[in-house]
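Quick notes on the structure that follows.
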Amino acid sequence: MDSGCTNTTICNGELMHGLRHAEKELDMHTNVGSRVLDEEGFLGRFSPPVYHDEDGIANVLATREMIVAGYRITMDTDADNAFIVHCDGNRKMQFVNCKGVHVLEQLGANVEPGAKETSAIYRRQLSNLNNQPHFKLSSNKQNGYAGLEMTSKMATVRKNKEGFTPRQVKAAMEARSAMHILNAPSISPCTLFYLN
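Terminal number for the sequence shown in the numbering used here: 198, no gaps in between.
So, in structure tokens, the structure goes:
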């Protein structure tokens, strides 16, 4: 299960039924590249059609699509490092954290160390809880930002932007984004690329 993806993609066609040419192709972009998916079908009783990604390495359920389909999804990191999907009646599916990826828990099959690393355990290990940053809502229109601000970090970002026009700040943000797309190289290879 992935809270950062937009569409559900299934690599195992045996889990799907009603495979057909997709009504709308999916132009998929990931950290490892991009491709177009043109086949869709159904995953059990999951109501929206999902994309078949025969070259994929994992079946990925989009949290967004599960919510739109009416599933209630909760996460209590004090109890478990897992997403809980509430189904009909009292049935639940638990997607546990396995090495940074939330996978459907199958009894005894994927018990990884990260699955039980809860926030309650980490809080007991901390000597001083006052080091946790606090968030506050801001309606400060002067700096161009409104909404959630992290009090301890945003002042530094705001200070870094001082002396630059909004256009220069935007250009710097686009350059940083391009660096991340190129797998975050150091400045020198980017300079050589730009000069050539």
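Every residue gets a Cβ at the ideal spot worked out from N, C-alpha and C, and that includes glycine.
Distance between Asn162 and Thr62 (C-alpha atoms, nearest Å): Per the sequence shown, residue 62 should be read as Val rather than Thr. Their Cα atoms are separated by approximately 38 Å.
For Arg22, report the span of its alpha helix (DSSP H) as first-last. Here Arg22 belongs to no alpha helix (DSSP H); instead the beta strand (DSSP E) covers 18–32.
Using 10 angstroms around the beta-carbon of Leu39, count the other beta-carbons present and answer buried if the total reaches 16, otherwise exposed. buried
Given a threshold of 16 other Cβ atoms within 10 Å of its Cβ, counted over all protein chains shown, does Val34 qualify as buried or as exposed? exposed
Measuring CA to CA, which of Phe48, Ile59, Ala84, Phe97 is closest to Gly72? Phe48
Can you give me the C-alpha to C-alpha distance between Thr236 and Gly91, rounded to a whole angstrom? Since the first residue shown for the chain is 3 and the last is 198, residue 236 is missing from the structure and cannot be characterised.
Measuring CA to CA, which of Asn83, Val52, Met175, Thr32 is closest to Ser121? Asn83
DSSP bridge partner residues for Glu176 (one or two, in chain order): According to DSSP, which records beta bridges pairwise, Glu176 is partnered with nothing at all.
Determine the closest residue to Glu25 out of Gln96, Lys101, Pro50, with distance taken between C-alpha atoms. Pro50
Can you tell me which of Ala60, Cys89, Ala64 puts its alpha carbon nearest to the alpha carbon of Arg74? Checking every option, the nearest Cα to that of Arg74 belongs to Cys89.
Does DSSP put Glu42 in a helix, a strand or coil? strand
Closest by CA to Glu27, which one among Gly102, Thr167, Tyr53? Tyr53
Could you please give me the residues that DSSP links to Arg37 through a beta bridge? Met30
Endpoints, the beta strand (DSSP E) within which Met95 is located: 94–100
Among Lys94, Arg66, Ser36, which residue has its Cα nearest to the Cα of Asp55? Ser36
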